[in-house]
Amino acid sequence: MRRVHAILPFSVAILAACGGGSDSSGPAPSNNVVSTVVVTGASSSLQVGQTVQFSAEARNSSGELISAGQASWSVSPASVASIDSKGLVTAIASGTANVKATIQSVSGNLSVPVTDVGIPTIVSVFMPGNSFSPFNVSVKVNGTVRFEFPSNPHNVIFNSRPGMPADIQVTSNVTVSRIFSRTGTFPYDCTIHPGMSGQVTVVP
0 MRRVHAILPF SVAILAACGG GSDSSGPAPS NNVVSTVVVT GASSSLQVGQ TVQFSAEARN
60 SSGELISAGQ ASWSVSPASV ASIDSKGLVT AIASGTANVK ATIQSVSGNL SVPVTDVGIP
120 TIVSVFMPGN SFSPFNVSVK VNGTVRFEFP SNPHNVIFNS RPGMPADIQV TSNVTVSRIF
180 SRTGTFPYDC TIHPGMSGQV TVVP
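Sequential numbering from 0 applies to the sequence shown in numbering that gives the first Met the number 0.
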């Protein structure tokens with residue numbers, strides 16, 4: 000029994016010295032918090048009537064690119080440019096467009112100059128195959144867009160918004176004109192041919 004009492008403290012000392020405690024060191028926490036948002040555009044400047052795609056990147060505090068979800072977009076002033084939910088900007092009038100993207104409450108901005116190189120008062124839209132060409136046409140307010148229908152029948156149905164002209168029902172081998180009396184962007188579709196879309200941009 001004395002031998003047991005002599006060895007036990009030594010054994011406890013060895014265990015204490017070796018340590019059975021938990022290791023507090025673990026994997027470093029990931030730096031996946033958005034610190035900055037960088038906005039870039041396919042062009043550093045815009046011309047009135049031009050449509051350009053913009054994109055946004057989220058970066059952490061180390062400047063590393065991270066995946067943080069989709070950006071929400073806005074542009075100001077609305078009199079100079081418009082933007083859709085995916086960052087597609089349409090220039091409306093000369094000035095400076097401030098394009099803004101927000102990801103996880105963090106915003107980035109890019110200022111883009113817009114110049115007016117001369118917008119026509121009459122333009123034509125052609126329909127080669129099942130497409131509108133050009134996809135986007137620009138015209139002065141109170142200007143005319145001539146839709147040139149080929150032998151293959153199509154229609155032109157405008158998205159509902161203030162100032163849109165009357166739709167053009169299914170027709171062929173004819174030219175139909177529409178006057179645009181309000182500034183803005185006016186998307187339209189041929190509803191009998193899925194994916195056949197176009198847009199009219201009306202500027203002051």
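Yeah, the Cβ is synthetic: ideal placement off N, Cα and C, and Gly gets one too.
From a predicted model like this one, the values you see are computed outputs, not experimental measurements.
Bounding residues of the beta strand (DSSP E) (the contiguous stretch that carries residue i)
i, result
"I121", "I121 to V124"
"N154", "H153 to F157"
"G142", "G142 to F148"
Short Cβ contact (8 Å threshold) for residue i with residue j
i, j, result
"V169", "H153", "yes"
"A100", "G107", "yes"
"S137", "V33", "no"
"T182", "V144", "no"
"I82", "S71", "no"
"P171", "F148", "With the sequence shown as reference, residue 171 is identified as Ser, and Pro is not the correct amino acid for it. Result yes, Cβ atoms of S171 and F148 sit closer than 8 Å."
"N129", "T200", "no"
"G142", "P119", "yes"
Residues of its chain near residue i, where Cβ-Cβ distance is below 7 Å and the 5 sequence neighbours each way are ignored
i, result
"A27", "Any reading at A27 needs caution, since the residue's pLDDT is 48, under 50, leaving its predicted position unreliable; the model's value is listed next. No residues qualify anywhere along the chain."
"F157", "M163, P164, D166, F185 and Y187"
"S78", "I91 and A92"
"T190", "N154 and I156"
Contacts around residue i, its chain only, beta-carbon distance under 8 Å, and the 5 residues preceding and following it disregarded
i, result
"L45", "V51, A80, V88, A90, A96, V111, P112, V113 and T114"
Whole-angstrom distance between residue j and residue i, CA atom to CA atom
i, j, result
"V122", "S180", "15 Å"
"E56", "V105", "11 Å"
"I65", "V124", "42 Å"
"Q103", "G68", "8 Å"
"G62", "V202", "40 Å"
DSSP beta-bridge partners of residue i
i, result
"V199", "V136 and F185"
"F57", "In the sequence as presented, Phe is not what sits at residue 57; that position holds Ala. A57 pairs with V36 and I65."
"N108", "K99"
Same chain only: Cβ atoms within 6 Å of residue i, ignoring 5 sequence neighbours per side
i, result
"T39", "S54"
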